[in-house]
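Asker: To start, I am sharing the structure in question, which I have written as structure tokens.
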Amino acid sequence: MSESSHQDRVLIFDTTLRDGEQSPGATMTHDEKLEIAAMLDEMGVDIIEAGFPIASEGDFEAVRDIAKLSKNAVICGLARAQLPDIDRAWEAVQHAARPRIHTFIGTSPLHRDITALTQDEMVERIEATVAHARNLCDDVQWSPMDATRTERDYLCRVVETAIRAGATTINIPDTVGYTAPRESAKLIEMLLERVPGADEIIFATHCHNDLGMATANALAAVEAGARQIECTINGLGERAGNTALEEVVMALKVRNDIMPFRTGIDTTRIMGLSRKVATVSGFPVQFNKAIVGKNAFAHESGIHQDGVLKNAETFEIMRPADIGLNATNLVMGKHSGRAALRSKMKELGFDLGDNQLKDVFVRFKALADRKKEVYDDDLLALMRDSDLDAEHDRIQVKFLRVICGTEAPQSADLILSVDGVEHRVTAQGDGPVDATFAAVKQLIEHDAHLELYQVHAVTGGTDAQATVSVRLSEDGKIATGQASDTDTVVASAKAYVNALNRLMVRREKTKPEGNLAAI
Ligand code: KIV
Ligand code: ZN
1 MSESSHQDRV
11 LIFDTTLRDG
21 EQSPGATMTH
31 DEKLEIAAML
41 DEMGVDIIEA
51 GFPIASEGDF
61 EAVRDIAKLS
71 KNAVICGLAR
81 AQLPDIDRAW
91 EAVQHAARPR
101 IHTFIGTSPL
111 HRDITALTQD
121 EMVERIEATV
131 AHARNLCDDV
141 QWSPMDATRT
151 ERDYLCRVVE
161 TAIRAGATTI
171 NIPDTVGYTA
181 PRESAKLIEM
191 LLERVPGADE
201 IIFATHCHND
211 LGMATANALA
221 AVEAGARQIE
231 CTINGLGERA
241 GNTALEEVVM
251 ALKVRNDIMP
261 FRTGIDTTRI
271 MGLSRKVATV
281 SGFPVQFNKA
291 IVGKNAFAHE
301 SGIHQDGVLK
311 NAETFEIMRP
321 ADIGLNATNL
331 VMGKHSGRAA
341 LRSKMKELGF
351 DLGDNQLKDV
361 FVRFKALADR
371 KKEVYDDDLL
381 ALMRDSDLDA
391 EHDRIQVKFL
401 RVICGTEAPQ
411 SADLILSVDG
421 VEHRVTAQGD
431 GPVDATFAAV
441 KQLIEHDAHL
451 ELYQVHAVTG
461 GTDAQATVSV
471 RLSEDGKIAT
481 GQASDTDTVV
491 ASAKAYVNAL
501 NRLMVRREKT
511 KPEGNLAAI
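Read in order, the letters of the sequence shown correspond to residues 1 to 519 in full-length UniProt numbering.
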């Protein structure tokens with residue numbers, strides 16, 4: 001037997017499509033969810049939490065279709081501790097070769113207050129709901145939400161109840177990112193020691209990142225005996241997010257000497273997934289993010305550059321290729337052909353079908369005509385835009401001409417296509433972006449509040465593309481839009497319209513009859 005087969009296997013449970021999608025503004029479309037699930041499956045994720053089926057018709061359909069298309073991974077659906085939730089989750093996941101129901105209830109004093117259940121009543125509820133789930137499905141995961149703020153004796157009692165009722169995995173969530181590594185380890189050790197039957201189930205760790213300790217807390221739990229890590233790509237998730245998949249997986253790989261655990265993840269797919277999730281969620285990865293940030297393998301100081309050129313290990317603890325970053329940098333330009341573009345996109349993590357290649361190639365040529373050299377980041381921006389500009393978007397920017405300069409007022413002449421019909425308007429504003437947004441608002445009346453307007457240069461140079469992010473909120477719903485263009489005002493108009501399209505999708509999720517008048 002090889003040395004590695006003696007090592008303990010840690011299961012990777014990815015919840016990008018459920019907990020990750022709960023990030024304000026990170027809504028993904030049905031097709032985007034299916035694509036991400038397929039990529040996670042190929043990457044070797046053991047369990048994919050595909051959504052919360054009772055939350056909406058859209059969530060239900062996504063979980064059901066991911067279950068139908070799944071190949072290797074267990075497909076999991078989330079349910080509150082209520083029988084209709086559990087039935088709905090089962091309805092969606094039962095199509096998978098390996099289905100799982102994940103049911104949860106908040107067990108800390110704060111959460112018990114909200115549900116108005118006494119400790120005994122909650123124990124009864126847990127018993128009934130877990131047993132119900134187990135009657136439907138052999139694989140049942142149970143979570144005491146806010147476990148790290150639950151009284152220890154009571155936590156032992158509820159975990160024991162869930163195990164007796166048939167749970168096969170017990171997940172211990174640090175729902176508000178409150179714990180610290182030593183405490184996270186002690187909690188798992190205590191449960192393994194005190195709870196009857198604990199050695200027959202798998203303990204999972206689910207950490208939020210409010211104090212920036214999610215990855216450290218998850219790894220500490222594993223060292224104490226947890227054998228499932230719950231995480232998301234890029235650490236996407238509510239508030240400060242979740243444990244990042246790429247961080248735990250690479251930490252276990254790079255520091256296998258002190259953490260002798262193995263995962264089934266093909267790490268060379270990490271970069272592709274990171275880019276895909278950043279693209280579809282509208283949450284760009286911060287430059288200095290561990291593993292997947294743009295600067296994670298960049299060396300700026302002379303000493304570092306010199307060292308890396310002589311021996312990369314001087315300042316690199318992993319190789320870029322380990323996470324799927326190719327060292328060669330083929331610069332693309334207007335003479336590059338389709339084959340080169342296809343191969344470059346593959347290197348960047350996008351396996352383009354013929355139709356998508358055709359579409360991206362047209363955009364690439366248009367960009368290459370305006371820009372001397374097209375860099376990797378330009379292509380990633382192009383990919384994001386081709387995803388965003390999907391034909392099904394109800395509102396699309398067709399034409400924009402802006403008059404700006406030292407003499408006010410600035411004005412924007414805009415044509416939007418709305419459900420296939422073109423509308424034209426001219427509006428004035430305090431600067432070109434303000435005039436453009438005023439024009440959009442005249443054509444698409446809405447009460448959404450502009451929460452964020454941000455501009456980033458994709459690369460250097462005065463011909464660089466600008467990526468614009470726009471965040472809108474309306475009635476508690478948040479939608480983020482992004483777009484890139486060498487013209488910052490055009491990118492702004494497209495980002496604004498993209499956010500409006502996403503806001504409409506959100507509205508339609510809760511109001512199936514949603515129409516433009518409603519926005
Ligand atoms: O953070 C949390 O407690 C959760 C539960 C639903 C597992 O996401
Ligand atoms: Zn969570």
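C-beta atoms are modelled at their ideal positions from N, C-alpha and C, and glycine is treated no differently.
1. Let's test the definition: count the other Cβ atoms within 10 Å of the Cβ of ASP139 and tell me whether it reaches 16, buried, or not, exposed.
2. Pick out the complete beta strand (DSSP E) segments inside the UniProt region "Regulatory domain" (396–519), 3 residues or longer, and give them in chain order.
3. Determine the extent of the beta strand (DSSP E) in which ASN135 is found, giving its start and end residues.
4. DSSP three-state call for GLY177: helix, strand or coil?
5. From the DSSP output, read off the bridge partner residues of LEU11.
6. Is it true that the CB of PRO84 sits closer than 8 Å to the CB of LYS114?
7. Where do the ends of the alpha helix (DSSP H) carrying PHE350 lie?
8. Should MET145 be counted as a contact of the ligand KIV given a C-beta to heavy atom distance under 7 Å?
9. Please classify GLU49: does DSSP put it in a helix, a strand, or coil?
10. Relative to the C-alpha of ARG338, which candidate in GLY225, GLY282, ILE201 and LEU352 has its C-alpha closest?
11. Please classify LEU236 as buried or exposed, where buried requires at least 16 other C-beta atoms within 10 Å of its C-beta.
12. Should THR148 be labelled buried (16 or more other beta-carbon atoms within 10 Å of its own) or exposed?
13. The alpha helix (DSSP H) that contains GLY272, what's its start and end?
14. Looking at the unbroken alpha helix (DSSP H) that takes in ALA92, where does it start and where does it end?
15. Nearest to ASP442 by CA position, among LEU414, TYR453 and VAL421, is which residue?
16. Should PHE399 be labelled buried (16 or more other beta-carbon atoms within 10 Å of its own) or exposed?
17. Measuring straight from C-alpha to C-alpha, what distance separates GLY197 and THR29?
18. Pick from ARG319, GLU57, ILE478 and PHE13: whose alpha carbon is nearest that of ALA244?
19. Is it buried or exposed for ASP19, if we count other Cβ within 10 angstroms and need 16 for buried?
20. Select from LYS289, ARG401, ALA296 and ASP199 the residue whose C-alpha is nearest the C-alpha of VAL433.
21. To the nearest whole angstrom, what separates the beta carbons of ASP485 and ALA491, a pair I think is in contact under 8 Å?
22. Taking just the CA atoms, how far does GLN428 sit from VAL505?
23. Where does ASN288 land, buried or exposed, given buried means 16+ other C-beta within 10 angstroms?
24. Residues in the same chain with beta-carbon distance under 7 Å from LEU503, minus the five sequence neighbours each way, listed in chain order, please.
25. Rank ILE105, ALA67 and PRO173 by C-alpha distance to the C-alpha of GLY51 and give the top, closest one.
26. Considering ALA204, what are the terminal residues of the alpha helix (DSSP H) in which it resides?
27. With burial defined as no fewer than 16 other Cβ atoms inside 10 Å of the residue's Cβ, what is the status of THR267: buried or exposed?
28. Please report the straight-line C-alpha distance between GLU189 and ARG157, rounded to a whole angstrom.
Answerer: Here's the rundown:
1. buried
2. 410–418, 421–429, 449–457, 466–474 and 477–485
3. Note, ASN135: premise wrong, no beta strand (DSSP E); alpha helix (DSSP H) at 119–136.
4. coil
5. GLN228
6. The question names Lys, yet the displayed sequence has Ile at residue 114. Contact: no.
7. Careful: PHE350 lies outside any alpha helix (DSSP H) and carries neither H nor E.
8. Yes - the ligand KIV has a heavy atom lying nearer than 7 Å to the Cβ of MET145.
9. Strand at GLU49.
10. Minimum Cα distance to ARG338 is reached at LEU352.
11. buried
12. A residue is called buried when at least 16 other Cβ atoms come within 10 angstroms of its Cβ; THR148 meets this threshold and is buried.
13. 270–281
14. 83–93
15. It is Gln, not Asp, that sits at residue 442 in the sequence shown. Looking at the Cα atoms, LEU414 is the closest of the given residues.
16. exposed
17. Those two C-alpha atoms are separated by around 41 Å.
18. Taking the Cα of ALA244 as reference, the smallest distance to any Cα among ARG319, GLU57, ILE478 and PHE13 is reached at PHE13.
19. buried
20. ARG401
21. 4 Å
22. When rounded, the distance between both Cα atoms is 29 Å.
23. exposed
24. Around LEU503: ALA448, LEU472, GLU474, LYS477, ALA479 and ILE519.
25. Residue ALA67 is the option with its Cα nearest to GLY51.
26. Run containing ALA204: none in the alpha helix (DSSP H); it sits in the beta strand (DSSP E), 202–207.
27. buried
28. If you take the alpha carbons of GLU189 and ARG157, they lie about 15 Å apart.
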